[in-house]
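Asks:
Residue numbers (the numbering used here): 3 to 171.
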């Protein structure tokens, strides 16, 4: 199978740069970067993409599947344009994450692991994002952290996600 049928040459070059950061006998250390690059290009990870990553890195496919299914930043099914991952671990929960999640569920009309009918939003329950002092915390598209989530901030995010996400903290 031609690699470029799965990933573009830019994505493959990025994966190769990630692999080059490690000693030759530790190429598998680049698996998370490779999965992130593949997901960025396709929106989610298919078995075919994960098999390609495994072959390209030189590791068993099952080891790649283990990584992809363990970490919540990897999606094995299509997600909305805006993937909203809300931390519900104890520090965030104690500071209102569950209330924020319930507000967002009602606002968007979806539950955990669902996508709005228009394909704009997917709601995920996330693990600790390492910002407990800013709780409750949400991660948008695995890249933008939203801290101190209030109902007002969540309403603004739902109404104008592009503008909201371009704001500086």
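Beta carbons: idealized from backbone N, C-alpha and C, even for Gly.
Measuring CB to CB, does residue 2 end up less than 8 Å from residue 137?
Replies: Nothing about residue 2 can be read from this structure; the chain reaches only from 3 to 171.
Asks: Output the residue ranges of the alpha helix (DSSP H) runs that lie fully inside the segment 88 to 152 and measure 4 residues or longer, sorted by chain position.
Replies: The segment 88 to 152 contains these whole alpha helix (DSSP H) runs: 92 to 96, 99 to 110.
Asks: Identify the continuous alpha helix (DSSP H) that holds residue 62 and give its terminal residues.
Replies: What you label residue 62 is simply residue 60 of the chain shown in a count that begins at 1. Note, residue 62: premise wrong, no alpha helix (DSSP H); not H, not E.
Asks: Kindly confirm or deny that the segment 147 to 155 and the segment 62 to 80 touch, where touching means at least three C-beta pairs closer than 8 Å.
Replies: Short answer: they don't touch.
Asks: Between the alpha carbons of residue 46 and residue 156, how many angstroms are there, rounded?
Replies: The sequence position of residue 46 within the chain shown is 44, counting from 1. The sequence position of residue 156 within the chain shown is 154, counting from 1. For residue 46 and residue 156, the distance between alpha carbons rounds to 25 Å.
Asks: Tell me whether the beta-carbon of residue 118 lies closer than 8 Å to the beta-carbon of residue 111.
Replies: Position 116 of the chain shown, counting from 1, holds the residue named residue 118. Position 109 of the chain shown, counting from 1, holds the residue named residue 111. Cβ atoms of residue 118 and residue 111: closer than 8 Å.
Asks: Which first and last residues belong to the alpha helix (DSSP H) in which residue 19 is found?
Replies: For the purposes of this step, residue 19 is taken as residue 17 along the chain shown, with counting starting at 1. Note, residue 19: alpha helix (DSSP H), 11 to 22.
Asks: Is the beta carbon of residue 94 sitting closer than 8 Å to the one on residue 139?
Replies: Counting from 1 along the chain shown, the entry for residue 94 is found at position 92. Counting from 1 along the chain shown, the entry for residue 139 is found at position 137. Yes. Within cutoff.
Asks: Between 59, 12, 159, which has its C-alpha nearest residue 26's C-alpha?
Replies: Walking along the chain shown from the start, residue 26 turns up at place 24. If we check each option's Cα against that of residue 26, 59 comes out closest.
Asks: Take the Cβ of residue 82 as the centre, count every other Cβ of all protein chains shown within 10 Å, and call the residue buried at 16 or more, exposed below.
Replies: Along the chain shown, one-based indexing puts residue 82 at 80. With 16 or more Cβ atoms within 10 Å of its Cβ, residue 82 is classed as buried.
Asks: For residue 8, does the three-state DSSP call read helix, strand or coil?
Replies: In the chain shown, the residue the question calls residue 8 occupies position 6. Three-state result, residue 8: coil.
Asks: Mark residue 168 as exposed unless 16 or more other C-beta atoms lie within 10 angstroms of its C-beta, in which case mark it buried.
Replies: Numbered from its first residue, the chain shown carries residue 168 at position 166. The residue is exposed, with fewer than 16 neighbouring Cβ atoms inside 10 Å.
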